[in-house]
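Working notes, beginning with the structure itself.
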Amino acid sequence: MKTVAVVVQDGAEPFGLGSICEVWAEPYHPEDDNPVFDFRVCTPRPGRVRGRAGFDLHVEHGLDALEDADLVCFSPKYEFLDFDPLVLDAARATYERGALVYAHCSAAFILAEAGLLDGRECTTHWRYTDRMARRYPKAIVRPDVLYVQEDNIMTGAGSAAGIDASLHLMRQMYGAKVATTTARRIVVPPHRDGGQAQFIRTPMGQTEADTLAPLLAWASDHLDEPLSVEKLAAQAHMSPRTFARRFRDETGTTPLQWLTSQRLANAEELLENSSLAVEQIATRVGFGNAATLRHHFATARGTTPQQYRKMFTCVDEAV
């Protein structure tokens with residue numbers, strides 16, 4: 116992948132645009148050895164683009180700059196149901212030529228209006244998912260996820276989920292090491308699975324949410340052990356029922372889903388940076404055997420551990 120373009124329009128939401136720029140517009144850092152892209156900000160009518168946060172943008176590229184982009188991102192704007200026919204045509208043309216299409220937050224309505232989400236799973240900001248489902252009944256709207264990818268189309272939820280979605284794409288194309296390095300630079304968690312809930316009733320950082328922080332750290336250090344809900348609850352000094360409810364409220368996912376996600380992330384790192392056999396990796400990360408690792412890897416990543424290692428290995432020889 117060489118070229119990434121993002122479409123902005125009047126009423127541009129600064130955080131939405133910024134979340135895309137943070138991942139795809141970064142210059143080269145020798146200490147990270149990060150990939151660098153020809154990054155273009157585009158708009159239907161080049162020049163001044165009105166922002167909605169007290170400042171405007173000056174954009175030099177028109178939509179013709181999208182024509183050879185490998186990834187085209189659509190950034191959200193305030194009046195998201197005011198559609199520009201030129202932008203709708205650009206979305207269709209990008210999809211038809213096979214490039215990756217990513218719409219962040221309410222920009223998913225652009226893809227829906229262009230007919231690209233008919234029969235596809237998709238998401239948007241949780242405040243607008245009901246509206247999207249009513250307006251576009253052919254779209255399969257999933258209100259409780261961070262991002263959805265189907266074929267060459269990805270839609271993401273609001274605000275910070277834009278970073279999660281971009282890191283997901285970065286992980287697909289360049290592997291866990293590059294995605295983790297990118298996340299570390301931005302100072303965000305390296306991976307939040309797309310199936311994690313958008314709306315967490317008790318936001319992380321509040322006093323109530325601090326109760327599970329020691330437990331999550333402990334579990335991360337003991338992934339190679341059998342970790343049932345009962346064992347985790349006992350470690351947290353809670354009843355299993357209270358623990359399961361608190362875990363969902365604070366993390367937006369279930370203990371099993373969280374453990375699987377952590378184990379997959381550890382497996383990816385070992386596949387990239389070690390020559391351990393797949394069976395050894397499965398034992399070390401807590402899946403127990405290679406068959407279980409392969410099952411979860413195929414379900415979550417759409418490939419096998421062996422194929423992943425061939426694509427992203429960082430060692431000269433891999434077993």
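When we follow this note's numbering, the leftmost residue of the sequence shown carries the number 116, and every step to the right adds one. Note that CB positions come from ideal geometry on N, CA and C, so glycine has one too. None of the values given here were measured: they were computed from a predicted structure.
Margin query: How far does the beta strand (DSSP E) with Gln264 in it extend, from its first residue to its last?
Written below: 262 to 265 is the span of the beta strand (DSSP E), which, as asked, contains Gln264.
Check: Candidates Tyr423, Val430, Gly131: which alpha carbon is nearest Gly290's?
Finding: Minimum Cα distance to Gly290 is reached at Tyr423.
Item checked: Residues of its chain near Val119, where Cβ-Cβ distance is below 6 Å and the 5 sequence neighbours each way are ignored -> If the five residues before and after Val119 are omitted, its C-beta is found closer than 6 Å to the C-beta atoms of Trp139, Phe152, Phe154, Leu186, all from its own chain and listed in chain order.
Notebook entry, point to check: Per DSSP, Ile255 is paired with what?
Noted result: BP columns for Ile255 point to Glu236.
Check: To the nearest angstrom, how far is it from the Cα of Asp279 to the Cα of Asp245?
Finding: Roughly 22 Å between the two C-alpha positions.
Notebook entry, point to check: How would you label Arg212, buried or exposed, when you count the other beta carbons within 10 angstroms and need 16 or more for buried?
Noted result: So Arg212 counts as exposed.
Check: Can the beta-carbon of Gly285 be found closer than 7 Å to that of Thr295?
Finding: Here the sequence assigns Met to residue 285, which means Gly is not the residue at that position. Contact: no.
Note to self: Is the separation between the beta-carbon of Leu338 and that of Val400 shorter than 7 Å?
What the structure shows: Cβ distance < 7 Å, so Leu338 and Val400 count as in contact.
Notebook entry, point to check: How long is the line joining the alpha carbons of Gly126 and Trp241, rounded to whole angstroms?
Noted result: Looking at the two C-alpha atoms, the distance is approximately 20 Å.
Next item on the list: Please list, in chain order, all residues of the same chain as Phe189 whose beta carbon is under 6 Å from its beta carbon, the five residues on each side excluded.
Entry: Answer for Phe189: Val122, Ala218, Ala222, Ile225, listed in chain order.
Check: Where do the ends of the alpha helix (DSSP H) carrying Cys136 lie?
Finding: Following the DSSP letters along the chain, one finds Cys136 inside the alpha helix (DSSP H) bounded by residues 129 to 139.
Notebook entry, point to check: Per DSSP, Thr118 is paired with what?
Noted result: For Thr118, the pairing in a beta bridge is given by DSSP as Asp153.
Note to self: Count Cβ pairs between the stretch 376 to 389 and the stretch 400 to 410 that sit closer than 8 Å; are there 3 or more?
What the structure shows: With a cut-off of 8 Å, the stretch 400 to 410 and the stretch 376 to 389 count as touching, because enough Cβ pairs lie within range.
Notebook entry, point to check: Per DSSP, what kind of secondary structure is Ala334 in: helix, strand or coil?
Noted result: Helix at Ala334.
Check: So, are the CB atoms of Ala248 and Cys237 less than 7 Å apart?
Finding: Result no, Cβ atoms of Ala248 and Cys237 do not sit closer than 7 Å.
Checklist line | Supposed contact pair Met116 and Met353 - C-beta distance, whole angstroms, cut 8 Å | finding: About 45 Å separates the two Cβ atoms, so there is no contact after all.
Next item on the list: Over the uninterrupted alpha helix (DSSP H) stretch that includes Thr407, give me the two end residues.
Entry: Start and end: 405 to 416.
Margin query: Just to confirm before moving on: does the CB-CB distance between Pro355 and Ala348 stay below 7 Å?
Written below: In contact: Pro355 and Ala348 (Cβ atoms closer than 7 Å).
Check: Are the beta-carbon atoms of Leu330 and Gln350 separated by less than 7 Å?
Finding: For the 7 Å CB-CB criterion, Leu330 and Gln350 form a contact.
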